[in-house]
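Asker: Read in the working numbering, the sequence shown has 474 at position 288, and its numbers run on one by one without any break. Pasting in a structure now, in structure tokens, and then I'll have a few things to ask.
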Amino acid sequence: MRILVTGGAGFIGSNFIRQMLAEHPEHEVLNLDSLTYAGNLENLQGLETEPRYAFVRGDICDQDLLKGLTFDAIIHFAAESHVDRSILDSSPFLQTNITGTKNLLELARARRCRMLHVSTDEVYGSIAEGQFTEMSPLSPNSPYAASKASSDLFARAYHETYGVDVVITRCSNNYGPYQFPEKLIPLMIANALAGKSLPVYGDGKNVRDWIHVADHCRAVALAFHKGRAGEVYNIGGRNEQQNIGIIRMILETISERLGSDREALMGLITYVTDRPGHDRRYAIDPLKTESELGWKPLVGFEEGIASTVDWYLANRAWWGRILSGEYMTYYETQYRQRLGS
Ligand code: NAD
Ligand code: TYD
């Protein structure tokens, strides 16, 4: 099967493609990514010579381009993904997350193929106690979450209205290798290593359910292969953490690994003005995914944070090129080299 993976040059998409190619020799992957600021082909370095992998640079909003692609199924990761950016300007979120998803749903409809839509637990909004199930109403609070809720509902509507073979997954907060250093965990690691302040929004007691990206990717593959059409699957790590606790854990690990002064590192923590509309707590029940798909997370949080810190320590060049902006020329350089060879 040739699978069209959208957004494969981003954090989760690139982890997914590596895992899919390694664990499913029966599949080929066609990666469609427009390479926004969040897309980085360095995330996929080494796959250039893999015969079961191909890359197309293109936008999911470009319907003519979509019509020219050959594939058997779609796994849709491409999105504008950062809440803070959506607060500054939501326009690209409407364009990519809603219009782009609708275009892919049309494509799945025309080709009569399966489409897995990667949604998020943020569509449910905040919950004071208990956990959201797949039956809970959607109540998004940030412009990012609103755009994802809209695309999630379009996916549902295309199944109900046109019978498109859609599966929806709603995952909690991911962490791990290749995450863009604007998100909480990689930002805190990069800033701490540079001796910069660590901006904690509000009182730092907001809660997220954290999952290692490898566990999320395995769940997406299972939902793609075994999920029932029209169904939603919550993917969560049963791992609720306050932001401040995670930051302290990261700093402990850095201090242990580098032998640097623990108190000096803790002194970098800086409480800043809260994010507007900041959701207090996310919590989802992943029971359906566990029981129906036979999935459970394999990476414990302490071990996952330690290995993530180690990865960022070993790959300073990768995120250094992101901070300097140099990574944006990677594709052009590779492309010119290919043309010249
Ligand atoms: P990311 O920002 O790291 O990557 C997004 C990728 O999509 C980038 O490679 C970007 O170039 C590409 N892209 C953006 N607009 C595009 C367009 N118009 N056409 C083609 N490609 C485009 O995001 P991520 O963290 O890897 O998230 C991937 C998906 O998973 C998103 O749909 C996100 O909503 C969802 N999700 C993320 C998390 C998380 O914690 N990161 C949790 C749950 C769900
Ligand atoms: P983030 O990684 O942006 O994910 P999301 O908002 O999608 O959950 O943020 C995770 C949590 O960390 C969230 O409660 C906001 C908080 N946060 C900070 O306190 N400081 C920061 O600099 C960032 C980026 C996030």
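We put the beta carbon where it would ideally sit given N, CA and C, even for glycine.
(1) Quick check: residue 189 and residue 212, are their CB atoms within less than 8 Å of each other?
(2) Suppose contacts are defined by Cβ-Cβ distances below 8 Å. Is residue 217 in contact with residue 194 by that definition?
(3) Please tell me whether, using a cut-off of 7 Å, the distance from the CB of residue 434 to the nearest non-hydrogen atom of the ligand TYD is below it.
(4) With distances taken from CA atoms, which of 336, 473 and 343 is nearest residue 284?
(5) Quick one: grab the DSSP three-state call for residue 350.
(6) For residue 238 and residue 385, what's the separation of their Cα atoms in angstroms?
(7) Is the distance from the Cβ of residue 495 to the Cβ of residue 440 below 8 Å?
(8) Starting from the Cα of residue 453, find the closest Cα among 411, 505, 377 and 460 and give me that residue.
(9) So, with DSSP's three-state summary, where would you put residue 218?
(10) Check this for me: beta carbons of residue 467 and residue 393, under 8 Å apart or not?
(11) Which value, in whole angstroms, describes the spacing of the CA atoms of residue 516 and residue 504?
(12) Let me check understanding here. Comparing Cα to Cα, which of 274, 395, 343 and 519 lies closest to residue 295?
(13) If you drop the 5 nearest sequence neighbours on each side, which residues of the same chain put their C-beta closer than 7 Å to that of residue 418?
(14) For residue 199, is the beta carbon positioned less than 7 Å from some heavy atom of the ligand NAD?
(15) How many Å lie between residue 374 and residue 351 at the Cα?
(16) With DSSP as the reference, please indicate the residues paired to residue 261 in a beta bridge.
(17) Mind reading off the beta-carbon distance from residue 263 to residue 198? Whole number of angstroms is fine, and I expect it under 8 Å.
(18) Report the CB separation of residue 423 from residue 401 in whole angstroms; it is logged as a contact under 8 Å.
(19) Give the range of the beta strand (DSSP E) segment to which residue 384 is assigned.
(20) Identify the residues that DSSP records as bridge partners of residue 529: which are they?
(21) Can residue 387 and residue 461 be called in contact, C-beta distance under 8 Å?
(22) Three-state secondary structure (DSSP) at residue 427?
(23) When the distance is taken between beta carbons, is residue 187 closer than 8 Å to residue 258?
(24) Assuming residue 242 is part of the beta strand (DSSP E), what are its boundary residues?
(25) For residue 222, verify whether its CB is less than 7 Å away from any heavy atom of the ligand NAD.
(26) When you measure from the CB of residue 268 to every non-hydrogen atom of the ligand TYD, does any distance come out below 7 Å?
(27) Could you give the residue range of the alpha helix (DSSP H) that holds residue 420?
Answerer: Taking the structure as given:
(1) The sequence position of residue 189 within the sequence shown is 3, counting from 1. The sequence position of residue 212 within the sequence shown is 26, counting from 1. No; because the gap between Cβ atoms is not below 8 Å, this pair is not in contact.
(2) Residue mapping note: residue 217 aligns to position 31 of the sequence shown, counting from 1. Residue mapping note: residue 194 aligns to position 8 of the sequence shown, counting from 1. Contact: yes.
(3) The residue labelled residue 434 in the question sits at position 248 within the sequence shown. No.
(4) On the sequence shown, residue 284 is found 98 positions in, with the first residue counted as 1. Checking every option, the nearest Cα to that of residue 284 belongs to 336.
(5) Taking the sequence shown and counting its residues from 1, the one referred to as residue 350 is at position 164. Three-state DSSP puts residue 350 in coil, outside helix and strand.
(6) Position 52 of the sequence shown, counting from 1, holds the residue named residue 238. Position 199 of the sequence shown, counting from 1, holds the residue named residue 385. Their Cα atoms are separated by approximately 42 Å.
(7) Counting from one through the sequence shown, the residue named residue 495 turns up at place 309. Counting from one through the sequence shown, the residue named residue 440 turns up at place 254. Yes, Cβ-Cβ distance for residue 495 and residue 440 is below 8 Å.
(8) The count along the sequence shown starts at 1 and reaches residue 453 at position 267. The shortest Cα separation from residue 453 among 411, 505, 377 and 460 belongs to 377.
(9) Residue 218 sits at position 32 when you count from the first residue of the sequence shown. Here residue 218 sits in strand by DSSP.
(10) Along the sequence shown, read from residue 1 onward, the residue named residue 467 stands at position 281. Along the sequence shown, read from residue 1 onward, the residue named residue 393 stands at position 207. Contact: yes.
(11) Position 330 of the sequence shown, counted from the start, is the residue given in the question as residue 516. Position 318 of the sequence shown, counted from the start, is the residue given in the question as residue 504. Rounded to the nearest angstrom, the two C-alpha atoms are 11 Å apart.
(12) Counting from one through the sequence shown, the residue named residue 295 turns up at place 109. With distances taken between Cα atoms, residue 295 lies closest to 343.
(13) The count along the sequence shown starts at 1 and reaches residue 418 at position 232. Closer than 7 Å at the Cβ level, and outside the excluded window around residue 418, lie 320, 354 and 356.
(14) Taking the sequence shown and counting its residues from 1, the one referred to as residue 199 is at position 13. The answer is yes for residue 199.
(15) Your numbering for residue 374 matches position 188 in the sequence shown. Your numbering for residue 351 matches position 165 in the sequence shown. Those two C-alpha atoms are separated by around 40 Å.
(16) Reading the sequence shown from its first residue, position 75 is the one you call residue 261. Answer by DSSP bridge pairing, in chain order: 191 and 302.
(17) For the purposes of this step, residue 263 is taken as residue 77 along the sequence shown, with counting starting at 1. For the purposes of this step, residue 198 is taken as residue 12 along the sequence shown, with counting starting at 1. Yes, they are in contact, since the Cβ atoms of residue 263 and residue 198 sit about 6 Å apart, within 8 Å.
(18) For the purposes of this step, residue 423 is taken as the residue at position 237 of the sequence shown. For the purposes of this step, residue 401 is taken as the residue at position 215 of the sequence shown. Correct: roughly 7 Å between the Cβ atoms.
(19) Counting from 1 along the sequence shown, the entry for residue 384 is found at position 198. 384-387 is the span of the beta strand (DSSP E), which, as asked, contains residue 384.
(20) With the chain running from 187 to 527 in the structure shown, residue 529 is simply not present.
(21) Taking the sequence shown and counting its residues from 1, one reaches residue 387 at position 201. Taking the sequence shown and counting its residues from 1, one reaches residue 461 at position 275. Contact flag set, yes.
(22) Looking up residue 427 in the sequence shown gives position 241. Strand, per DSSP.
(23) Taking the first residue of the sequence shown as position 1, residue 258 is located at position 72. Taking the first residue of the sequence shown as position 1, residue 187 is located at position 1. Cβ distance < 8 Å, so residue 258 and residue 187 count as in contact.
(24) What you label residue 242 is simply residue 56 of the sequence shown in a count that begins at 1. From DSSP, the beta strand (DSSP E) with residue 242 extends over 239-243.
(25) Along the sequence shown, one-based indexing puts residue 222 at 36. Yes, the ligand NAD has a heavy atom inside 7 Å of this Cβ.
(26) Taking the first residue of the sequence shown as 1, we reach residue 268 at position 82. Yes, the Cβ of residue 268 comes within 7 Å of a heavy atom of the ligand TYD.
(27) Here residue 420 is taken as the residue at index 234 of the sequence shown, counted from 1. It is not in any alpha helix (DSSP H) - residue 420 instead sits in the beta strand (DSSP E) that spans 418-421.
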